[in-house]
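See structure below.
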Amino acid sequence: MEPVNQHTGIAAPLDKANVDTDQIIPKQFLKRVERTGFGQFLFYDWRYKDGGQSVNESFVLNKPEFKEASILLARDNFGCGSSREHAPWALLDYGFKVIIAPSFADIFYNNCFKNGILPIKLSESEVEALFQQAGSDPSSLSVDLEKQLVTDEAGSTYSFETDAYRKEMLLKGLDDIALTEEYDHHITAYEHEKKKIYQEIIR
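FYI, in the numbering used here the residues of the sequence shown are 11 to 213.
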């Protein structure tokens with residue numbers, strides 16, 4: 011997993027509340043066992059019309075100014091619905107590194123951290139201010155995880171909170187497995203000592 015610290019990118023405004031994981035990545039595309047390859051199906055029912063036969067030009071990600079967006083602005087309760095981990099996989103595979111919203115569904119929020127996406131909670135008024143900027147004149151935002159700050163092109167800053175453990179995991183680019191591997195020498199030493207004790211008991 012790539013470390014996440016500072017990121018600057020175009021912010022795409024997805025002006026919908028209660029976006030569920032089936033809207034993020036529809037169930038018919040959950041046939042892959044790898045974590046990659048889902049980006050092409052992200053928001054499939056909104057990006058395409060007529061069962062995928064044509065592009066929905068009015069959807070935000072199909073607009074030329076947001077084609078290269080790597081930050082997603084969202085509304086309340088983003089990522090609700092089923093617990094499918096494919097949702098953050100699809101967002102990451104598409105190119106999103108950061109999602110900013112007033113609130114997230116808990117499981118989706120946790121899955122983002124485990125897969126290298128930074129979910130940022132800001133107040134509704136702060137998110138609304140960012141929506142107004144993105145909608146009228148697409149611009150980039152800078153995110154600094156170490157300082158826990160979002161900065162817009164005008165220099166306005168928005169501070170956010172994040173769990174210290176999850177922050178450290180993103181800064182180091184560690185998922186749960188990689189974190190366990192960091193303690194491999196301790197685990198090996200423990201297993202070696204355990205084996206010695208059992209051998210002494212058997213004698």
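No residue lacks a Cβ here, since even glycine has one placed at the ideal position from N, Cα and C.
Source: prediction; values computed, not measured.
Here Ala-111 carries a strand assignment [DSSP, helix/strand/coil]. For a cut-off of 8 Å, the C-beta gap from Asn-28 to Asp-86 is around 7 Å, short enough to register as a contact. Under the DSSP assignment, Ala-27 falls outside any alpha helix (DSSP H); it carries neither an H nor an E label. Shown here, Val-160 sits in a strand according to DSSP, grouped into three states. Counting only residues of its own chain and dropping the five nearest sequence neighbours on each side, Gly-47 has a CB closer than 7 Å to the CB of Asp-103. Only residues of its own chain outside the window of five on either side were considered, and among them Arg-57, Tyr-58, Lys-59, Asn-72 have a CB closer than 8 Å to the CB of Val-65, listed in chain order. With fewer than 16 other beta carbons inside 10 angstroms of its own, Thr-198 counts as exposed. Assigned with DSSP and collapsed to three states, Leu-82 falls in strand.
Pro-36: not part of any beta strand (DSSP E); DSSP gives it neither H nor E. The Cβ-Cβ distance between Leu-180 and Phe-114 does not fall below 8 Å.
The criterion of a C-beta distance shorter than 8 Å is satisfied by Ile-20 and Pro-148.
From the listed residues Phe-76, Asp-30, Arg-94, the smallest Cα separation to Lys-41 is found for Arg-94. Judged by DSSP in its simplified three-state form, Gln-16 adopts strand. Per DSSP, reduced to three states, the secondary structure at Thr-190 is helical. For the pair Phe-53 and Gly-89, the CB atoms are not nearer than the 8 Å cut-off. No residue range can be given for Ile-127, since it is assigned to no beta strand (DSSP E) and is classified by DSSP as neither H nor E. In this model, Asn-120 and Leu-184 are separated by some 14 Å (Cα to Cα).
Inclusion of Phe-170 and Ile-212 in the CB contact set at 8 Å is not warranted, their separation being larger than that value.
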